[in-house]
Amino acid sequence: MASARKSVLITGCSAGGTGAALAEVFHEKGYHVFATARTPSKVSQSLSKSANVTVLTLDVLSSDSIAAAVKSVSAETGGKLDVLVNNSGTGIVLPALDTSIEDGKKLFDVNFWAVFAMIQAFAPLLKSAGGYVVNMASVSGVVPIVFNSFYNASKGALVVASETWRLELGPLGIKTLTLMTAAVKTNFFQNIDAVKVPENSYYSSVRDFIEGLGDGKAQENGISAREFATKVVREVEKGTTGKFWVGGGAAGARWGSWLLPQWALDRLLESMNPVSGRIANDHKTRKA
2 MASARKSVLI TGCSAGGTGA ALAEVFHEKG YHVFATARTP SKVSQSLSKS
52 ANVTVLTLDV LSSDSIAAAV KSVSAETGGK LDVLVNNSGT GIVLPALDTS
102 IEDGKKLFDV NFWAVFAMIQ AFAPLLKSAG GYVVNMASVS GVVPIVFNSF
152 YNASKGALVV ASETWRLELG PLGIKTLTLM TAAVKTNFFQ NIDAVKVPEN
202 SYYSSVRDFI EGLGDGKAQE NGISAREFAT KVVREVEKGT TGKFWVGGGA
252 AGARWGSWLL PQWALDRLLE SMNPVSGRIA NDHKTRKA
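So for the sequence shown, the working numbering puts the first residue at 2; every next one is plus one.
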């Protein structure tokens with residue numbers, strides 16, 4: 002007989018990330034946690050050995066892997082899932098002109114299409130439970146952080162889609178929370194490919210700066226993964242829907258994107274990444 006305990010499935014639960022922290026906090030709240038990862042051995046031992054935690058192999062880019070996860074969850078819960086957290090994601094830190102379209106498409110596959118694939122596959126279980134979808138979007142979806150264009154674009158697409166899905170899923174009894182995530186201290190940058198600016202790049206004069214963005218310094222003013230997870234789970238428990246702004250700098254990003262005129266927002270972003278002048282001067286020198 003299926004347990005009456007609430008259940009949550011979280012993608013991307015490798016140790017040191019937001020997924021692992023969310024799994025821990027949901028577990029402490031009494032949920033049966035399905036902690037998933039493409040490589041299950043990356044899930045911490047403390048989590049994987051906990052009672053009411055089921056570690057599943059899940060590649061969000063594989064329809065067969067997703068279908069297997071649906072089958073496993075359904076068998077343990079009697080065909081229901083209370084919360085689906087689409088946490089998996091990846092990034093590319095490079096100028097757009099130095100990024101291949103193929104790599105950009107791969108990023109969209111993970112950050113956007115995989116989210117939809119998970120929602121579509123688990124919709125019957127979520128509908129049966131009157132469930133909840135939590136999508137890991139980002140403030141980068143509304144703030145144009147330089148040298149992150151494909152990441153920004155994927156998260157921007159997810160923000161709009163998630164809010165649309167909220168309206169479409171609502172009548173089915175499924176709630177949707179869109180996480181407008183800002184800085185959180187995790188190992189995210191350790192899990193993406195190291196930045197390498199091509200020798201012939203138009204941006205070679207700021208190569209050191211760009212490659213330095215991949216060292217995680219953007220997270221220096223972030224909140225801990227534990228604090229992030231606590232805030233998110235609290236909103237889920239309250240039944241919050243729509244956009245939820247969370248993380249270091251989230252409030253500034255929220256009001257800046259809404260209230261600042263374009264020139265003021267551009268100036269603010271330039272103060273955070275003061276390289277446009279150097280790039281322009283280098284371009285003039287090359288032309289001369």
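Note that the Cβ used here is the ideal one computed from N, Cα and C, for glycine as well.
With DSSP run on the structure shown, which of helix, strand or coil describes residue i?
i: Gly-13; result: coil
i: Tyr-133; result: strand
i: Leu-95; result: coil
i: Thr-177; result: strand
i: Phe-109; result: helix
i: Thr-231; result: helix
i: Thr-182; result: strand
i: Met-2; result: With a pLDDT of only 45 at Met-2, under 50, the local geometry of the prediction cannot be trusted, and the value read off the model is given with reservation. Of the three classes helix, strand and coil, the one that applies to Met-2 here is coil, per DSSP.
i: Leu-159; result: helix
i: Ser-139; result: coil
With the cut-off set at 7 Å, would you say residue i and residue j are in Cβ contact?
i: Gly-250; j: Ile-224; result: no
i: Leu-170; j: Phe-123; result: no
i: Gly-85; j: Val-134; result: It is Leu, not Gly, that sits at residue 85 in the sequence shown. Contact: yes.
i: Leu-59; j: Ser-66; result: yes
i: Val-147; j: Ala-254; result: no
i: Thr-242; j: Lys-285; result: no
i: Ala-158; j: Phe-189; result: no
i: Thr-179; j: Ala-138; result: yes
i: Leu-211; j: Asn-88; result: In the sequence as displayed, the identity of residue 211 is Ile instead of Leu. No, the Cβ-Cβ distance between Ile-211 and Asn-88 is not below 7 Å.
i: Val-111; j: Leu-214; result: no
i: Ala-226; j: Ala-16; result: no
i: Ser-155; j: Phe-109; result: yes
i: Pro-275; j: Tyr-204; result: no
i: Thr-231; j: Val-26; result: yes
i: Asp-267; j: Ser-206; result: no
i: Asn-136; j: Val-161; result: no
i: Val-233; j: Ala-183; result: no
Less than 7 Å between C-beta atoms, sequence neighbours within five positions excluded: which residues of the same chain meet that for residue i?
i: Leu-57; result: Phe-35, Thr-37, Ala-70, Ser-73
i: Ala-130; result: Lys-81, Leu-82, Asp-83
i: Met-119; result: Thr-12, Val-61, Ile-67, Leu-85, Asn-87
i: Met-2; result: Summary for Met-2: the model assigns pLDDT 45, below 50, so the residue's position carries little reliability; its value from the coordinates is reported in the next sentence. Excluding positions up to five away in sequence, the list is empty.
For residue i, which of the options has the nearest alpha-carbon?
i: Gly-126; options: Lys-197, Ser-8, Leu-261, Ala-22; result: Position check: residue 126 holds Leu in this sequence, whereas Gly was assumed. Comparing Cα-Cα distances from Leu-126 to each of Lys-197, Ser-8, Leu-261, Ala-22, the minimum goes to Ser-8.
i: Val-185; options: Ser-163, Asn-222, Glu-77, Glu-164; result: Asn-222
i: Arg-287; options: Ser-202, His-28, Ala-21; result: Ser-202
i: Glu-164; options: Asp-99, Lys-244, Ser-63; result: Lys-244
i: Asp-209; options: Gly-20, Glu-238, Arg-279, Thr-100; result: Arg-279
i: Leu-98; options: Glu-271, Asn-149, Leu-261, Ala-5; result: Asn-149
i: Val-196; options: Asp-104, Ser-75, Leu-269, Asn-53; result: Asp-104
i: Gly-18; options: Trp-246, Ser-63, Leu-48; result: Leu-48
In its own chain, which residues sit with a C-beta less than 6 Å from the C-beta of residue i, not counting the 5 before and 5 after it?
i: Arg-235; result: none
i: Lys-44; result: The amino acid occupying residue 44 in the given sequence is Val; Lys does not appear at that position. Cys-14, Ala-36, Ala-38, Val-56.
i: Ser-258; result: Val-143, Val-144
i: Pro-41; result: Val-56, Thr-58
i: Arg-6; result: His-33
i: Trp-166; result: Thr-177
* To do: Entirely within the stretch 18-69 and at least 4 residues each: give me those alpha helix (DSSP H) ranges in chain order.
  => As far as the stretch 18-69 is concerned, its whole alpha helix (DSSP H) runs of at least 4 residues are 19-29, 46-49.
* Curious, which full-length alpha helix (DSSP H) runs of at least 4 residues does the stretch 238-277 contain? -> Within the stretch 238-277, the complete alpha helix (DSSP H) runs of at least 4 residues are 251-260, 263-273.
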